[in-house]
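Q:
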Amino acid sequence: MMKDIYADLLWRGLIHQSTDATFLPEWLNSGSRTLYAGFDPTAESLHVGHLLPLLMLRRFQRAGHRPIALIGGATGMIGDPSGKSQERNLLSAEALQANVAGLQQQMQPFLDFDAGPLSALLANNADWMQGFSYLGFLRDVGKNFPINAMLAKDSVKARLERNDSGMSYTEFSYMLLQAYDFVHLYDRFGCQLQIGGSDQWGNITAGIDLGRRMRSVQLYGMTCPLLTKTDGTKMGKTEKGALWLSADRTSPYAFYQYWINVADEDAGRCLRVLTELEQAEIDALDRLRDEQPQARHSQKRLAEALTRLVHGDDGLAAAVRATEVFFGAEIDRLTDQQLVEIFADVPSSQLPCGRLETPGLSLIQALTTAGLAKSNSEARRAIQQGGAYVNNRRRDDLDTMLTAADLASETVIVLRTGKKRYALLRFQDETKDERFSKKGG
RNA sequence: GGGGGGUUUCCCGAGCGGUCAAAGGGGACGGACUGUAAAUCCGUUGGCAACGCCUUCGCAGGUUCGAAUCCUGCACCCCCCA
476 MMKDIYADLL WRGLIHQSTD ATFLPEWLNS GSRTLYAGFD PTAESLHVGH LLPLLMLRRF
536 QRAGHRPIAL IGGATGMIGD PSGKSQERNL LSAEALQANV AGLQQQMQPF LDFDAGPLSA
596 LLANNADWMQ GFSYLGFLRD VGKNFPINAM LAKDSVKARL ERNDSGMSYT EFSYMLLQAY
656 DFVHLYDRFG CQLQIGGSDQ WGNITAGIDL GRRMRSVQLY GMTCPLLTKT DGTKMGKTEK
716 GALWLSADRT SPYAFYQYWI NVADEDAGRC LRVLTELEQA EIDALDRLRD EQPQARHSQK
776 RLAEALTRLV HGDDGLAAAV RATEVFFGAE IDRLTDQQLV EIFADVPSSQ LPCGRLETPG
836 LSLIQALTTA GLAKSNSEAR RAIQQGGAYV NNRRRDDLDT MLTAADLASE TVIVLRTGKK
896 RYALLRFQDE TKDERFSKKG G
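If you count the first sequence from 1, position 74 lands on 549 in the working numbering, and the numbers rise without skipping.
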């Protein structure tokens, strides 16, 4: 007995458009199907925007279907005009190569590649597109695309109607490539369903049309809504840019924090759309959020589920530990390793360890060298006002001298002003001149 | 070309010879409160070896015991009459 994937997607609000709302549920429940979603390698890491389709693939697989993650090594060379207001810059071949590798790596944990006939597949359309000659493509594929139908697509229309930006023939052709991908995946793997974000609808239907023309076969499509916040802005945007899935670009802590801070109004939808929690639990969380919003059970559950999914149990543990430290009590008896992990996003400065020998380093100086105060006066003020903390412990004596006893780990002292501004001081031998070793910011 | 007004500390904006590091507001930063929210309240807001000293009020000079405040020149901005 298969899980009713369509009904599940429906109540989660994950179906924006589908080619056939009455036929698809039955088709999906009556057998194992092969489906795909495409990801263009525009960066070497996925970001939150990719999460939705990637999770869709995962949901389908768990419901007994076979997912294909298609990486657009070929289409990425062109640039998808959908949802873009301007012509895109082309990526170099090398950059593209690196991005493809990065994405493949990142997709691994989401899908099961060792599940017998349901094993997920990774495909790269460069593999079949590169062999295509221009003439061959025009004859076999291009011939099947009526220009008037192409011009009628929203993605194209939107761009042509703007008078400040046009569209090149290259981007115009993007649709053909993606359409052909669908047909190719059908030929090769019997893939009959393509899913994607709502901005992909035009490309998906182009593929369906092409399937009908070239192979006389019925293909299907489905899109999920774009993930936006109640205020209309995109989910997953931070002041620093996108929220990446790669730990190098967005630390597990920052990732976790983003979800912890989701607005109450958005939390319910995020739970539905981004987690695999069952309906009963989500309903319960909705109720809890209503009754005691301050407890923020929903946000915690959301952050937990997503961080575990993206960064694994270790990543989640690190994020939770970092959260405790950032908002919690004294920092003590930790190792350098732990501190560096927790404070990965925090600027640090180095000082020779001799500075901790008697009489020690004045707290005032420590704050200025760490960059937490612009001047000694500012440092004084912070201390006097009770806004200076060493290892999360308030120190309000102006004459405080820091010594080896204040180290939180082997070589690090954690300084903080105010509620959240942190900086690390590392005491190491080989440092020659403290002024040149500042980093971060 | 003629006449008038302006240029103040991060921003707006008072000050019009000493009591001015310069009112008030905004912002920012600390603290309390709180849900790691918003609002609110309190405090701080040029620098330094700090009951004192130094630098700051468009720029450069001058008058004066003393100038952000008065005079001269320069630069930029605004308004009115040509």
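Heads up, the beta-carbon is just placed ideally off N, CA and C, and yes, glycines get one too.
In terms of residue numbering, what span does the beta strand (DSSP E) encompassing residue 605 cover?
A: Premise fails: residue 605 is in no beta strand (DSSP E) and is neither H nor E.
Q: Identify whether residue 514 lies in helix, strand or coil by the three-state DSSP scheme.
A: strand
Q: For residue 888, which of helix, strand or coil comes out of DSSP?
A: strand
Q: Could you compute how far the alpha carbon of residue 913 sits from the alpha carbon of residue 825?
A: In this prediction, residue 913 scores a pLDDT of 42, lower than 50, which makes its location untrustworthy; no coordinate-derived value is stated.
Q: Taking the alpha-carbon positions, what's the residue 591 to residue 638 distance?
A: 52 Å
Q: Going by DSSP, what residues sit across from residue 689 in a beta bridge?
A: For residue 689, which the question treats as bridged, DSSP gives no partner whatsoever.
Q: Using a Cβ-Cβ cutoff of less than 7 Å, which residues in the same chain neighbour residue 908 once the five nearest sequence positions on both sides are dropped?
A: Here residue 908 scores only 48 on pLDDT, less than 50, and its place in the model is too uncertain to base an answer on.
Q: Which of the three DSSP states, helix, strand or coil, is assigned to residue 698?
A: strand
Q: Under 7 Å, do residue 519 and residue 573 count as touching if we go by C-beta distance?
A: yes
Q: Are the CB atoms of residue 457 and residue 734 nearer to each other than 7 Å?
A: In the structure as shown, the chain starts at 476 and stops at 916, and residue 457 therefore has no counterpart that could be examined.
Q: Please report the residue range of the beta strand (DSSP E) in which residue 901 lies.
A: 896-902
Q: Between residue 487 and residue 748, what straight-line distance do the alpha-carbon atoms span, to the nearest angstrom?
A: Annotation: residue 487 to residue 748 spans about 6 Å, alpha carbon to alpha carbon.
Q: Classify residue 588 as buried or exposed, calling it buried when 16 or more other Cβ atoms lie within 10 Å of its own Cβ.
A: exposed
Q: Counting along the chain, where does the beta strand (DSSP E) carrying residue 669 start and finish?
A: 668-672
Q: Can you check DSSP and say which residues form a bridge with residue 522?
A: 719
Q: Are residue 726 and residue 820 closer than 7 Å when you measure CB to CB?
A: Against a cut-off of 7 Å, the Cβ pair of residue 820 and residue 726 comes out as a contact.
Q: What's the gap between the Cα of residue 743 and the Cα of residue 760?
A: Going by C-alpha positions, residue 743 is about 8 Å away from residue 760.
Q: With the cut-off set at 7 Å, would you say residue 554 and residue 600 are in Cβ contact?
A: no
Q: Considering only residues of the same chain and omitting the five flanking positions on each side of residue 491, which have a CB-CB separation below 6 Å?
A: Closer than 6 Å at Cβ, skipping near neighbours: 673, 698, 699, 700.
Q: By Cβ distance, which residues of its chain are closer than 6 Å to residue 503, with the 5 residues on each side in sequence left out?
A: 480, 481
Q: Taking Cβ positions, are residue 781 and residue 527 nearer each other than 7 Å?
A: no
Q: Considering only the alpha carbon of each residue, which of 832, 822, 794, 833 lies closest to residue 844?
A: In terms of Cα proximity to residue 844, the closest of 832, 822, 794, 833 is 822.
Q: Nearest-angstrom Cα distance between residue 537 and residue 586?
A: 9 Å
Q: List the residues that DSSP assigns as beta-bridge partners of residue 481.
A: Residue 481 pairs with nothing; no bridge assigned.
Q: Just to confirm my understanding: we take residue 563, look at its own chain, exclude 5 residues before and 5 after, and list those with CB closer than 6 Å. What are they?
A: 554
Q: Going by DSSP in three states, residue 736 sits in which element: helix, strand or coil?
A: coil
Q: Hey, which unbroken runs of the beta strand (DSSP E) at 3 residues or more fall wholly within the stretch 520-580?
A: 541-546
Q: Based on the DSSP output, what are the partners of residue 877 in its beta bridges?
A: DSSP output for residue 877 lists 836 as bridge partner(s).
Q: Between the stretch 831-845 and the stretch 876-895, are three or more C-beta pairs nearer than 8 Å?
A: When Cβ pairs closer than 8 Å are counted between the two stretches, the stretch 831-845 is seen to touch the stretch 876-895, the count reaching three or more.
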